[in-house]
Amino acid sequence: MPELTFILGGARSGKSAHAECLMEGLPGPWCYIATAQALDDEMRERIGRHQQQRVGEWYTVEAPLELAAALRSVPDGQPVLIDCLTLWLTNHMLAGNDLTAEAAQLLDVLREPRGVWIVVSNEVGQGIVPDNALARRFRDEAGRLHQRVAAIADNVLFMVAGIPLKVK
Amino acid sequence: MPELTFILGGARSGKSAHAECLMEGLPGPWCYIATAQALDDEMRERIGRHQQQRVGEWYTVEAPLELAAALRSVPDGQPVLIDCLTLWLTNHMLAGNDLTAEAAQLLDVLREPRGVWIVVSNEVGQGIVPDNALARRFRDEAGRLHQRVAAIADNVLFMVAGIPLKVK
Amino acid sequence: MPELTFILGGARSGKSAHAECLMEGLPGPWCYIATAQALDDEMRERIGRHQQQRVGEWYTVEAPLELAAALRSVPDGQPVLIDCLTLWLTNHMLAGNDLTAEAAQLLDVLREPRGVWIVVSNEVGQGIVPDNALARRFRDEAGRLHQRVAAIADNVLFMVAGIPLKVK
Chain A
1312 MPELTFILGG ARSGKSAHAE CLMEGLPGPW CYIATAQALD DEMRERIGRH
1362 QQQRVGEWYT VEAPLELAAA LRSVPDGQPV LIDCLTLWLT NHMLAGNDLT
1412 AEAAQLLDVL REPRGVWIVV SNEVGQGIVP DNALARRFRD EAGRLHQRVA
1462 AIADNVLFMV AGIPLKVK
Chain B
1312 MPELTFILGG ARSGKSAHAE CLMEGLPGPW CYIATAQALD DEMRERIGRH
1362 QQQRVGEWYT VEAPLELAAA LRSVPDGQPV LIDCLTLWLT NHMLAGNDLT
1412 AEAAQLLDVL REPRGVWIVV SNEVGQGIVP DNALARRFRD EAGRLHQRVA
1462 AIADNVLFMV AGIPLKVK
Chain C
1312 MPELTFILGG ARSGKSAHAE CLMEGLPGPW CYIATAQALD DEMRERIGRH
1362 QQQRVGEWYT VEAPLELAAA LRSVPDGQPV LIDCLTLWLT NHMLAGNDLT
1412 AEAAQLLDVL REPRGVWIVV SNEVGQGIVP DNALARRFRD EAGRLHQRVA
1462 AIADNVLFMV AGIPLKVK
């Protein structure tokens, strides 16, 4: 049965691991949509480590920007893990794209999942107000996007130290 | 029935929207106590956007500092939304006022709500320890104030991506 | 009955106070394992204030680094409060020690509590990604450690404005 699950959590809160665990409980193949871009060594190392942890029936689609299109191309009924929204948002901000239009497009697709679709994102709004305006804008945009995804999701999980807390 | 509700959440977690939604479920008029000061363009723009979203029986009282007095002047039985505590605290810190005395005064009034009173505040303590001493002091003061308000509140809600999680 | 409780929360979220309250509900004496080091005035002041709040049957063991050894030396059946993991991790990072080895050692001891053991730690991963690489590494290491402690804990509490939210 198609449904949308939104997994939100802080850094290293076990979001991806929990999402992968949910995916592997379903019949494969499992589509991993990666929004990360290997622009520097730190990111390359993170991406590599994550890839090594996914074995079996996983296949990866890279979609740093064209997330809505990537989702449209996934076969009906196939489980999908989108990891993660905050990086997708960062990529669009750095590219100077129209975030309102991009978010609208993405939400259109997420509103009608064609399988079990899991969206992972980082909570970034619970620290001190950042010094620089770009970071403030980013956390505003991220927070608004999270609210909109949560509003249309069937399930919302908030990760605390690797443990999923069901908030919806 | 008079009661105090405390809504805590990160930036753009949907605190104000949820509070306004709760208010509008009650008979008006609804008193909005704004602690924000329009000191720069970014704040002016935020305040303006928020005001445009509130229509109908809302009226606004500005209380960047004198929050206890503003609450005392609200008619009995009227719903009140205080938005938000963290800005009020910021204003007092910047003014160099005695935070202990100010908090004591505020808590005295909040302890005896004369209607449905809703207090909104920002969670700021879940990031990395800030570099500068002022930010560290601010998050300490905010955290302590939040604990004291939560202790006397009838309801405490923690917002996660626009969804209220009832913690008390 | 021996059990491990993990209390996670932001700055000034009431973690230590709640842990002390849980401890004082048990028969004493109560062992307080402090990981804080009084390296500057701010820390000295914090440590002093915390000590003054603990009276009665409390005794303090200082273990800025050798936490596993300190736990092994606690008498069977005695309640223990470890306050806090994030400072212990900071101390090992600053000392340039092997965090993987240190964490493994600590987890070995925590896996077999010999009384009611309470571990307190700071959530640091829910703000904006920090600018500097050391802070990023720290929040990664803290997040991973929190997940591992939570996985073996009998109870996991997430503190929100002084109110414990049971997540496990």
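Residue numbers (the working numbering), protein chains in the order written: chain A, 1312 to 1479; chain B, 1312 to 1479; chain C, 1312 to 1479.
The beta carbon of each residue, even a glycine, is placed where N, CA and C say it ideally should be.
It should be emphasised that the depicted structure is a prediction, and the values quoted were computed from it without experimental measurement.
How do the region 1316-1328 of chain B and the region 1453-1473 of chain B stand: do at least 3 beta-carbon pairs fall below 8 Å, yes or no? yes
Under the three-state reduction of DSSP, which class applies to Met-1334(A): helix, strand or coil? The count along the first sequence starts at 1 and reaches residue 1334(A) at position 23. In this structure, Met-1334(A) counts as helix in the three-state DSSP scheme.
Closer than 7 Å to chain D by CB, Gly-1325(A): You won't find chain D in this structure, because its protein chains are A, B and C.
Distance cutoff 7 Å, beta carbons only. Does Ile-1474(B) sit that close to anything in chain A? What you label residue 1474(B) is simply residue 163 of the second sequence in a count that begins at 1. Closer than 7 Å: yes.
is_contact[Val-1467(A), chain B] using C-beta, thresh 7 Å: What you label residue 1467(A) is simply residue 156 of the first sequence in a count that begins at 1. Judged by the 7 Å Cβ criterion, Val-1467(A) is in contact with chain B.
DSSP three-state label for Gly-1320(B), please. Locating residue 1320(B) in the second sequence gives position 9, counting from the first residue. Three-state result, Gly-1320(B): strand.
Per DSSP, the bridge partner or partners of Asp-1260(C): No information on residue 1260(C) is available, as it lies outside the stretch 1312 to 1479 that chain C covers here.
Rounded separation between Asn-1433(C) and Gly-1367(B) - CA only: Numbered from 1 along the third sequence, position 122 holds the residue referred to as residue 1433(C). Numbered from 1 along the second sequence, position 56 holds the residue referred to as residue 1367(B). Their backbone Cα atoms lie some 43 Å apart in a straight line.
Any beta-carbon of chain C closer than 7 Å to the one on Ala-1461(A)? For this step, residue 1461(A) is matched to residue 150 along the first sequence. Not one chain C Cβ lies under 7 Å of Ala-1461(A).
Proximal chain B residues relative to Ala-1322(C), where beta-carbon distance stays under 7 Å: Counting from 1 along the third sequence, the entry for residue 1322(C) is found at position 11. Gly-1436, Arg-1450, Asp-1451, Gly-1454, listed in chain order.
In or out: Arg-1450(C) buried (at least 16 other Cβ within 10 Å) or exposed? Along the third sequence, one-based indexing puts residue 1450(C) at 139. Burial call: buried.
Quick one: Cα of Ala-1349(B) to Cα of Glu-1423(A), how far? For the purposes of this step, residue 1349(B) is taken as residue 38 along the second sequence, with counting starting at 1. For the purposes of this step, residue 1423(A) is taken as residue 112 along the first sequence, with counting starting at 1. Rounded to whole angstroms, Ala-1349(B) to Glu-1423(A) spans 41 Å at the Cα level.
Taking all protein chains shown into account, do 16 or more other C-beta atoms lie within 10 angstroms of the C-beta of Tyr-1370(A), making it buried, or fewer, making it exposed? Position 59 of the first sequence, counting from 1, holds the residue named residue 1370(A). It is exposed - the Cβ of Tyr-1370(A) has fewer than 16 other Cβ atoms within 10 Å.
Outcome for Lys-1477(C) when other beta-carbon atoms lying within 10 angstroms are tallied against a minimum of 16: For the purposes of this step, residue 1477(C) is taken as residue 166 along the third sequence, with counting starting at 1. Lys-1477(C) comes out exposed.
Positions along the region 1316-1346 of chain C whose CB lies within less than 7 Å of some CB in chain B: Gly-1321, Ala-1322, Arg-1323, Ser-1324, Gly-1325
Can you name the start and end residues of the alpha helix (DSSP H) that Leu-1410(A) belongs to? Start at 1 with the first residue of the first sequence, and residue 1410(A) comes out as number 99. Counting along the chain, the alpha helix (DSSP H) containing Leu-1410(A) begins and ends at 1410-1421.
Could you check whether the region 1332-1350 of chain A touches the region 1398-1413 of chain A, counting it as contact only if at least three pairs of C-beta atoms, one from each stretch, sit closer than 8 Å? yes
Which residues in chain B have a C-beta closer than 7 Å to the C-beta of His-1457(A)? List them in chain order. By 1-based counting over the first sequence, the position of residue 1457(A) is 146. Chain B residues near His-1457(A): Ala-1472.
C-beta contact flag for Ala-1486(C) and Val-1435(C) at 7 Å: Because residue 1486(C) is not part of the residues shown, which for chain C are 1312 to 1479, the question remains open.
Going by the CB atoms, is the gap between Gly-1336(B) and Pro-1390(B) shorter than 7 Å? Mapped onto the second sequence, residue 1390(B) falls at position 79. Mapped onto the second sequence, residue 1336(B) falls at position 25. Cβ distance not < 7 Å, so Pro-1390(B) and Gly-1336(B) don't count as in contact.
Between Gln-1362(C) and Ala-1374(C), what straight-line distance do the alpha-carbon atoms span, to the nearest angstrom? Residue mapping note: residue 1362(C) aligns to position 51 of the third sequence, counting from 1. Residue mapping note: residue 1374(C) aligns to position 63 of the third sequence, counting from 1. Cα to Cα, Gln-1362(C) sits roughly 15 Å from Ala-1374(C).
Interfacial residues, the region 1412-1440 of chain B to chain A, with Cβ spacing under 9 Å: Asn-1433, Glu-1434, Val-1435, Gly-1436, Gln-1437, Gly-1438, Ile-1439
For my contact list, Ile-1393(B) and Gly-1438(C) are in at a C-beta cut-off of 8 Å; report their separation, rounded to the angstrom. As a first step, residue 1393(B) is located in the second sequence; it is residue number 82 there, counting from the start. As a first step, residue 1438(C) is located in the third sequence; it is residue number 127 there, counting from the start. Actually they are not in contact, since the Cβ atoms of Ile-1393(B) and Gly-1438(C) sit about 24 Å apart, beyond 8 Å.
Select from Lys-1479(B), Asp-1465(B), Gly-1473(B) the residue whose C-alpha is nearest the C-alpha of Glu-1314(B). The residue labelled residue 1314(B) in the question sits at position 3 within the second sequence. Of the listed residues, the one whose Cα sits closest to Glu-1314(B) is Asp-1465(B).
Could you spell out the range, first to last residue, of the beta strand (DSSP E) harbouring Ile-1439(A)? Against the first sequence, residue 1439(A) aligns to sequence position 128. Looking at the DSSP string, Ile-1439(A) is not in any beta strand (DSSP E), and its letter there is neither H nor E.
is_contact[Ala-1446(B), chain A] using C-beta, thresh 7 Å: Walking along the second sequence from the start, residue 1446(B) turns up at place 135. Closer than 7 Å: yes.
For Glu-1356(A), name the three-state secondary structure that DSSP assigns. If you number the first sequence from 1, residue 1356(A) lands on position 45. Note: Glu-1356(A) maps to helix in three-state DSSP.
Which class does Glu-1452(A) belong to by DSSP, given the choice of helix, strand or coil? Residue mapping note: residue 1452(A) aligns to position 141 of the first sequence, counting from 1. If DSSP states are grouped into helix, strand and coil, Glu-1452(A) belongs with the helices.
Taking DSSP as the reference, what is the three-state secondary structure of Met-1404(C)? By 1-based counting over the third sequence, the position of residue 1404(C) is 93. It is helical.
For a quick check, are the C-beta atoms of Ala-1330(B) and Ile-1429(B) less than 7 Å apart? Locating residue 1330(B) in the second sequence gives position 19, counting from the first residue. Locating residue 1429(B) in the second sequence gives position 118, counting from the first residue. Yes, the Cβ-Cβ distance between Ala-1330(B) and Ile-1429(B) is below 7 Å.
Taking the alpha carbon of Ala-1380(C) as the point to measure from, which residue in Gly-1388(C), Asp-1419(C), Arg-1360(C), Gly-1325(C) has its own alpha carbon closest? Position 69 of the third sequence, counted from the start, is the residue given in the question as residue 1380(C). Measuring from the Cα of Ala-1380(C), the nearest candidate turns out to be Asp-1419(C).
The alpha helix (DSSP H) with Leu-1468(A) in it runs from where to where? As a position in the first sequence, residue 1468(A) is number 157, starting the count at 1. Taken as a continuous stretch (DSSP letters only), Leu-1468(A) belongs to no alpha helix (DSSP H), being part of the beta strand (DSSP E) at 1466-1471.
Rounded to whole angstroms, what's the CA-CA distance from Gly-1339(C) to Cys-1332(A)? Just pull it up for me. By 1-based counting over the third sequence, the position of residue 1339(C) is 28. By 1-based counting over the first sequence, the position of residue 1332(A) is 21. So the two alpha carbons sit approximately 42 Å from each other.
Can you have a look at Ile-1344(C) and say buried or exposed, based on whether 16 or more other CB atoms are within 10 angstroms of its CB? Looking up residue 1344(C) in the third sequence gives position 33. The residue is buried, with at least 16 neighbouring Cβ atoms inside 10 Å.
Rounded straight-line distance, which links the Cα of Arg-1323(A) to that of Arg-1448(C): Here the question's residue 1448(C) lines up with position 137 in the third sequence. Here the question's residue 1323(A) lines up with position 12 in the first sequence. Computed Cα separation, rounded: 11 Å.
Figure out for me which residue from Arg-1360(B), Arg-1355(B), Leu-1421(B) has the closest Cα to the Cα of Ser-1327(B). Residue mapping note: residue 1327(B) aligns to position 16 of the second sequence, counting from 1. The candidate whose alpha carbon is nearest that of Ser-1327(B) is Arg-1360(B).
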